[in-house]
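K.L.:
Same order as they appear, the protein sequences are chains X and Z. Residues in the first sequence are numbered from 137 upward in steps of one, following the numbering used here. Residues in the second sequence are numbered from 41 upward in steps of one, following the numbering used here. Just so you know, even glycine gets a beta-carbon here, dropped at the ideal spot from N, CA and C. From a predicted model like this one, the values you see are computed outputs, not experimental measurements.
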Amino acid sequence: MTRSLKAFAAMFKIEFFKGIQYRTAAAVNSVVGLFWGIIEIAVFSAFYLYANDKTAAFFASLTLRQVVTHVWLRQAVIAFHPQNIEEDIRGKINNGDVGVELVRPVPLYLLWFSKTAASRLVLFLFRGTIILFSMFLSGIYKISAPVSVTGFLLFLVSLVSAFFLCAAFGMFVTSLRLAVDWGDGLTYIPLIAANVLSGSYLPLQLWPDFMQKFLLYQPFAGYLDIPLRFYIGSVKAGEALPSLIAQVLWTVFFIAAGNIITAKNVKNIIVQGG
Amino acid sequence: MPQIELCEISKSFTVRRKKAAAQVIRALYKVSFTIEEGALIGLIGPNGAGKSTLVKVMSGILTPEGGTCVISGRVPWKQRTAHVAEIGVVFGQRSQLWWDVPPNDSYDLLKDIYAIKTPAFNKRLSELTGAMDIGGLLNTPVRQLSLGQRMRCEIVAALLHSPKILFLDEPTIGLDAVSKLALRDFLKEENKKSGVTMILTTHDMTDVEALCSRVMVIGRGNILYNGNLETLKQTYSSEKPAEVIQIYQNIDEIIANMYREMKI
Ligand SMILES: Nc1ncnc2c1ncn2[C@@H]1O[C@H](COP(=O)(O)OP(=O)(O)O)[C@@H](O)[C@H]1O
Ligand SMILES: [Mg+2]
C-alpha cells in the first residue's frame with residue numbers, strides 16, 4: 137500500500153512537471169473546452185426552446201439548467217477519460233522499451249497504473265479551471281450550485297471513484313495492447329465506445345427510456361454520468377447506492393482483469409535489440 | 041559461494057515471417073558460468089551472439105526456457121522485484137530516464153521507487169554527480185542532452201540505489217574518446233570503492249583491456265572462451281611472439297582472428 141502510494145506520488149510529480157512544461161498546450165486545451173461548452177449550451181438551449189409535443193418527452197428527464205451544469209462539470213471531468221494508451225507507455229510498447237520498465241522493483245501494472253492515473257489527474261487540474269470560469273458566465277450559461285450538501289458530498293465520493301475507474305479501464309486497454317498485437321489503431325475502439333457510453337456526447341438520462349437500466353449499470357456510466365447525477369440532483373429514488381456500488385465493482389473488475397492480463401504477458405514480453 | 045551462478049541456460053525466440061514457417065532462433069544454448077562478487081567481467085562477441093539476451097535473463101527481464109540461474113540466492117525472473125532492487129542496469133541503446141523531464145526529476149522518482157532514505161540519497165547523488173561531472177546537466181530535459189551526457193546521467197541513475205551488481209549493455213556505444221575514458225575511470229573506481237560486481241558487453245576491445253579482470257566470449261549462443269584477456273590474445277594472435285603482438289598488433293585484429301577461427 138505505501139509502495140503504491142509512493143509510486144503514485146512519484147509519477148504524479150513527474151507528470152505534474154511535464155504538465156507545467158507544456159502548460160501552454162494544457163491552457164489551450166482548457167480554452168477549447170470552454171468554447172466547446174458554450175457552443176453545446178447554445179445548441180441545447182435551442183433544442184429546449186423549440187421542443188414541440190413530440191420532442192418534449194425526450195427532454196423531460198433533465199431540465200435545461202441541469203443539462204448546462206452537466207456540460208460544465210463534464211468539461212473538467214472528461215480529463216479523467218483515457219483517450220489513448222498513455223503516451224510514454226505506448227512509446228515503450230512500440231519500441232520495445234517495456235523491458236527497461238521491468239528492471240524497476242515495482243510491479244509493472246502498478247507503475248503503469250500510477251502513470252496513467254497521474255497524467256489524467258494533472259490534466260484535470262488544468263481543466264478544472266473551466267468550472268471556475270463557468271461560474272462567472274451569465275444567464276443560461278452559468279453553472280448551477282450543487283442540488284444539496286449531501287448531493288455534493290456524494291458527487292465528490294463518486295468523482296474519486298470515477299477517477300479510479302477511468303485509470304482502471306485505461307490500463308485494461310493497455311494490457312490488451314500487450315496481449316494482442318493489434319497495432320495502435322484498434323485500441324481506439326474500446327476507448328471511443330467507452331466515451332460514447334459515458335454520456336460525454338449526450339447525458340445518459342436523455343437517451344431513450346428503454347435503455348436507461350442498461351445505461352446506468354454498464355461500466356462507463358461511472359466515468360461521468362453517475363457522479364454528475366448526484367451534483368445536479370437527477371438520481372432516481374433507490375438508485376443512489378446501487379449506482380455507486382456498480383461503479384466500484386466495475387473498477388475492481390477492470391483492475392483485476394488488467395492485472396492478470398499484464399502479469400500473463402510480462403512473461404513473454406518481447407524485447408528486441410539493444 | 042559465487043554471487044552469480046548460471047547452469048545450462050537456454051533461451052530461444054520464435055520469429056514469424058510473412059508467408060514463411062515460424063523460425064526458431066537459439067539466442068542462448070546451455071550457457072553455464074559463475075561470477076564472484078566484485079568481479080569486473082567483459083562480455084564480448086559479434087552482433088547477434090546473444091549478449092543482450094544473456095544480460096536480460098540475468099536482470100530478470102526474460103524467462104529462459106531451460107536451465108537454472110541463481111543470483112544472490114534468487115531466481116531473477118521468479119523473484120523479480122526483490123532481485124531488481126539490488127541490481128542496476130544500463131542499456132546503451134535505450135533510455136531509462138524520463139525523456140521529457142530533467143534528470144533530477146527522474147532521480148527523485150527513482151528515490152521513491154527504490155525507497156532510498158533522504159540522507160543516503162543526497163549523499164549518494166552528490167557523490168555520483170561529482171564523479172560523473174553532470175552537475176550542470178541536472179536541470180536540462182533529457183531530450184536535449186547529447187548522447188554522452190545522457191549516458192553519464194543513465195549511469196548515475198543505475199547506481200543511485202547502490203546496487204550490488206551492475207549490468208552494462210554497450211555503455212560506450214557512440215561515446216567520444218573523452219567521455220569513454222571518463223566513464224572507464226569512473227567504473228573502475230566504483231568497482232574498487234564499493235565492490236560492485238560489473239558485467240559489461242561491448243564491441244570496443246579497449247574497454248575490456250582497460251577494465252576487465254576476466255573476459256567471456258559468446259558466439260551463437262554459446263560461451264566460447266572464459267578467462268583472462270592475455271591468454272586469449274596469445275592464443276589467437278597468429279604466430280608472432282608476444283612482445284611483437286603487444287606493440288604492433290591491434291587487439292581488434294586479434295579478436296577478428298578469433299571470431300574467424302571459431303567460425304562465429
Ligand atoms: N525479441 C526477440 N525476438 C526475436 N529474436 C530475437 C529477440 N531478441 C533477440 N533475438 C535474436 O537472438 C539473437 C541474439 O540477440 P542479442 O542477444 O540481442 O545479441 P547481441 O546483443 O549479442 O548482439 C539474435 O539472432 C537476435 O536476432
Ligand atoms: Mg546487444
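#1: Answer yes if the region 69-82 of chain Z comes into contact with the region 113-132 of chain Z, meaning at least three C-beta pairs across the two stretches below 8 Å, and no otherwise.
#2: Mind checking whether the beta-carbon of LYS91 (chain Z) lies closer than 6 Å to any heavy atom of ligand 2?
#3: Can ASN230 (chain X) be considered in contact with ligand 1, in the sense that its beta carbon sits closer than 6 Å to one or more heavy atoms?
#4: For the candidate residues Z:ALA160, Z:SER72 and Z:ALA171, whose alpha-carbon lies nearest to that of VAL97 (chain Z)?
#5: Could you spell out where the beta strand (DSSP E) holding SER112 (chain Z) opens and where it closes?
#6: How big is the Cα-Cα spacing for GLN219 (chain X) and ARG256 (chain X)?
#7: By Cβ distance, which residues of its chain are closer than 6 Å to THR54 (chain Z), with the 5 residues on each side in sequence left out?
#8: Using 8 Å as the Cβ pair cut-off and three pairs as the minimum, do the region 147-156 of chain Z and the region 238-256 of chain X touch?
#9: Helix or strand or just coil, what does DSSP make of CYS252 (chain Z)?
#10: When you compare each of X:LEU209, X:PRO355, X:TYR367 and X:ALA187 to GLN383 (chain X) by their alpha carbons, which one comes out closest?
#11: Closer than 8 Å by C-beta to ILE287 (chain Z): which residues in its own chain qualify, once you throw out the five before and the five after it? Chain order, please.
#12: Under three-state DSSP, which class holds ARG240 (chain X)?
#13: Any beta carbon from chain X within less than 7 Å of LEU46 (chain Z)'s own beta carbon?
#14: Using Cβ-Cβ distances below 9 Å, what residues of the region 115-131 of chain Z are close to chain X?
#15: Is there a Cβ of chain X sitting closer than 7 Å to that of VAL141 (chain Z), yes or no?
#16: Count the other CB atoms within 10 Å of the CB of PHE272 (chain X); is the residue buried (16 or more) or exposed (fewer)?
#17: For ligand 1, any of its heavy atoms closer than 6 Å to the Cβ of ALA67 (chain Z)?
#18: If contacts are defined as beta-carbon pairs under 8 Å, then PHE350 (chain X) and ALA254 (chain X) qualify, I think. What distance do you get, rounded to the angstrom?
#19: Quick one: what's got a C-beta closer than 6 Å to ASN395 (chain X)'s C-beta in the same chain, skipping five residues either side?
#20: Taking 6 Å as the cut-off, is the beta-carbon of ASN87 (chain Z) closer than that to any non-hydrogen atom of ligand 3?
#21: For VAL196 (chain Z), name the three-state secondary structure that DSSP assigns.
#22: List, in chain order, every chain Z residue whose beta-carbon is nearer than 9 Å to that of LEU142 (chain X).
#23: Pick out whichever of X:PHE366, X:ILE229, X:VAL402 and X:VAL283 has its Cα sitting closest to the Cα of ALA298 (chain X).
#24: Against chain A, with Cβ distances strictly below 7 Å, would ARG263 (chain X) count as a contact?
#25: Check for me: the beta strand (DSSP E) holding GLN63 (chain Z) runs from which residue to which?
#26: Classify ASN266 (chain Z) as helix, strand or coil using the three-state DSSP reduction.
#27: Excluding the 5 residues preceding and the 5 following LEU208 (chain Z) in the sequence, name in chain order all residues of the same chain whose CB lies nearer than 6 Å to its CB.
#28: For chain X, check one thing: does any of its Cβ atoms lie closer than 7 Å to the Cβ of ILE258 (chain Z)?
#29: Could I get the ranges of all uninterrupted alpha helix (DSSP H) runs contained in the region 186-233 of chain Z, with 4 residues as the minimum, in chain order?
#30: Who are VAL130 (chain Z)'s beta bridge partners in DSSP?
#31: Counting only beta-carbon atoms, is ASP225 (chain Z) nearer than 7 Å to chain X?
#32: Run through DSSP, which three-state label would LEU360 (chain X) get?
#33: Taking CB distances under 7 Å as the criterion, tell me whether ALA146 (chain X) reaches chain Z.
#34: Considering only DSSP beta bridges, list what LEU80 (chain Z) is partnered with.
#35: Determine the burial state of ASP244 (chain Z): buried for a count of at least 16 other Cβ atoms within 10 Å of its Cβ, exposed for fewer.
#36: Residues in its own chain within less than 6 Å of HIS201 (chain Z) by CB, not counting five upstream and five downstream?
P.N.:
Taking the definition as stated:
#1: no
#2: At least one heavy atom of ligand 2 is nearer than 6 Å to the Cβ of LYS91 (chain Z), so yes.
#3: no
#4: Z:SER72
#5: Where SER112 (chain Z) is concerned, there is no enclosing beta strand (DSSP E), given that its DSSP letter is neither H nor E.
#6: 10 Å
#7: Listed in chain order, the non-local C-beta contacts of THR54 (chain Z) below 6 Å within the same chain comprise ALA62 and VAL64, local neighbours out to five positions each way being set aside.
#8: yes
#9: coil
#10: X:PRO355
#11: Any reading at ILE287 (chain Z) must be qualified, since the residue scores a pLDDT of 47, below 50, and its modelled position is unreliable; no value is offered.
#12: coil
#13: Closer than 7 Å: no.
#14: TRP117, ARG120, THR121, ALA122, HIS123, VAL124, ALA125, GLU126, ILE127, GLY128, VAL129 and PHE131
#15: yes
#16: exposed
#17: yes
#18: Wrong, their Cβ atoms sit about 32 Å apart, outside the cutoff.
#19: TYR245
#20: Here the bound small molecules are ligand 1 and ligand 2; ligand 3 is not part of this structure.
#21: helix
#22: Before going further, note that residue 142 (chain X) is Lys rather than Leu in the sequence given. In chain order: ASP152, ILE153 and ALA155.
#23: X:PHE366
#24: This model lacks chain A altogether; the protein chains it does include are X and Z.
#25: 63-75
#26: Reduced to three states, the DSSP call for ASN266 (chain Z) is strand.
#27: For LEU208 (chain Z), same chain residues with a beta-carbon under 6 Å away, outside a window of 5 residues either side, are VAL130 and LEU240 in chain order.
#28: no
#29: 187-199
#30: According to DSSP, VAL130 (chain Z) bridges with Z:LEU208.
#31: Look at ASP225 (chain Z): its C-beta is not under 7 Å from any C-beta on chain X.
#32: coil
#33: yes
#34: Looking at the DSSP output, LEU80 (chain Z) bridges to Z:MET238.
#35: With a 10 Å radius around the Cβ and a threshold of 16 neighbouring Cβ atoms, ASP244 (chain Z) comes out buried.
#36: Hits under 6 Å: TYR154 and ILE156.
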